[in-house]
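**Student:**
Numbering (UniProt numbering), first residue to last: 1 to 272.
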């Protein structure tokens, strides 16, 4: 009997080798799109460098989109709020230039500076804070959004468990902490003491972005002790931008307009 040898395997083509290496290197977007990009390169007579550049740009864009998605999930910013859909005409006395300058350059986070947005309820403070924060995420900074009252409750619980300092250190991982609606913190010694410890801990170390309904003259309503209020304000504004908004509530205005539109619609005649 003659020994039959196994059939010889055909060698892989360069295209098959390329796909294998792209998969091995985890360049998934290149793996998905290299053939269509190659076709475009051949039609438009690209150089090798132009073809390689287009491949790398495709992969880099996908990775940046994935990074930004992860960062947004971690930050827990309010959805659907950005500078592009903020109605600046509702706040005619607000000069947007300082905020836009803040959003265009992350250097203020590297210098551990703060931003404080003050104004009555419904004028868009949270919206503007979210707009600035999203821009910082695009620069690769780590951001975390908290309702001020919720964060104070967490800090208070950590203090009861003798874990306040470790929690403050853990929050240091974020280049920017947003404390939204500071005025809703309860005026109790336990809560205001941990709030002050947070402000003091991040002073000249990491940045805070705070929104509050009360002007500084009314922060005695937040802190149990007027000296603590002064000390907190002093630390926040020493390296901080203060934005004050004077306008009517946007939510109230929208509700009034909806009501007026409903009342102006002709009544449907009832069938007899």
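The beta-carbon is built from N, C-alpha and C at its ideal position, and this holds for glycine as well.
Return the chain-ordered ranges of every beta strand (DSSP E) run that is complete within the region 87 to 175 and spans a minimum of 3 residues.
**Tutor:** 114 to 118, 143 to 147
**Student:** Does residue 191 pass the burial test, meaning 16 or more other C-beta atoms within 10 Å, or should it be called exposed?
**Tutor:** Position 191 of the chain shown, counting from 1, holds the residue named residue 191. Classification of residue 191: buried, given that the 10 Å Cβ count is 16 or more.
**Student:** Looking at chain D, is there any beta carbon in it that lies within less than 7 Å of the beta carbon of residue 50?
**Tutor:** Protein chain content of the structure displayed is limited to a single chain, and chain D is not contained in it.
**Student:** Please report the distance separating the alpha-carbon of residue 39 from that of residue 170.
**Tutor:** Taking the chain shown and counting its residues from 1, the one referred to as residue 39 is at position 39. Taking the chain shown and counting its residues from 1, the one referred to as residue 170 is at position 170. Those two C-alpha atoms are separated by around 49 Å.
**Student:** Mapping DSSP to helix, strand and coil, what is residue 233?
**Tutor:** Working through the chain shown from its first residue, we reach residue 233 at position 233. Three-state DSSP puts residue 233 in a helix.
**Student:** Taking buried to mean at least 16 other C-beta atoms within 10 Å of its own C-beta, is residue 106 buried or exposed?
**Tutor:** The residue given as residue 106 occupies position 106 in the chain shown. Per the 10 Å Cβ criterion, buried.
**Student:** State the Cα-Cα distance for the pair residue 216 and residue 233, rounded to the nearest angstrom.
**Tutor:** Position 216 of the chain shown, counted from the start, is the residue given in the question as residue 216. Position 233 of the chain shown, counted from the start, is the residue given in the question as residue 233. C-alpha separation (whole angstroms): 7 Å.
**Student:** Just list the residues that DSSP pairs residue 66 with in beta bridges.
**Tutor:** Here the question's residue 66 lines up with position 66 in the chain shown. Note: residue 66 sits in no beta bridge, so no partner.
**Student:** Output the distance between the C-alpha atoms of residue 137 and residue 214, rounded to the nearest integer angstrom.
**Tutor:** Here the question's residue 137 lines up with position 137 in the chain shown. Here the question's residue 214 lines up with position 214 in the chain shown. Rounded to whole angstroms, residue 137 to residue 214 spans 28 Å at the Cα level.
**Student:** Does the Cβ of residue 139 have 16 or more other Cβ atoms within 10 Å, making it buried, or fewer, making it exposed?
**Tutor:** Position 139 of the chain shown holds residue 139. The residue is exposed, with fewer than 16 neighbouring Cβ atoms inside 10 Å.
**Student:** Go ahead and pull the three-state DSSP assignment for residue 180.
**Tutor:** On the chain shown, position 180 is the one that residue 180 refers to. The answer is strand: DSSP assigns residue 180 an E or B state.
**Student:** Starting from the Cα of residue 99, find the closest Cα among 22, 120, 125, 74 and give me that residue.
**Tutor:** Against the chain shown, residue 99 aligns to sequence position 99. The residue with the shortest Cα to Cα distance from residue 99 is 125.
**Student:** Per DSSP, what kind of secondary structure is residue 31 in: helix, strand or coil?
**Tutor:** For the purposes of this step, residue 31 is identified with residue 31 of the chain shown, where counting begins at 1. Correct three-state label for residue 31: helix.
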